[in-house]
Amino acid sequence: MIVTVKSIDRVIPLLSRITVDSVLISELLTENAIIFELTR
């Protein structure tokens with residue numbers, strides 16, 4: 105499936121969603137690292 109972007113308005117929500125996802129992932133990794141340090 106080929107997706108063509110016709111307007112910037114569709115790109116910005118996508119980018120912001122990716123940013124939110126990466127922030128959530130980094131927070132999860134941080135929490136896991138802390139838990140790992142505590143349980144080691």
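Numbers in the numbering used here are just positions in the sequence shown, counted from 1, shifted up by 104.
Even for Gly, the Cβ is constructed at its ideal location relative to N, Cα and C.
Give the secondary structure of R144 by DSSP, where H, G and I count as helix, E and B as strand, and everything else as coil.
Residue 144 sits at position 40 when you count from the first residue of the sequence shown. R144: coil per DSSP, three-state reduction.
I need the DSSP call for S126, collapsed to helix, strand or coil.
Stepping through the sequence shown from its first residue, residue 126 is reached at position 22. Of the three classes helix, strand and coil, the one that applies to S126 here is helix, per DSSP.
Compute the Euclidean distance between the alpha carbons of D113 and F140, then round it to the nearest angstrom.
Here the question's residue 113 lines up with position 9 in the sequence shown. Here the question's residue 140 lines up with position 36 in the sequence shown. If I take the Cα positions, the gap works out to 41 Å.
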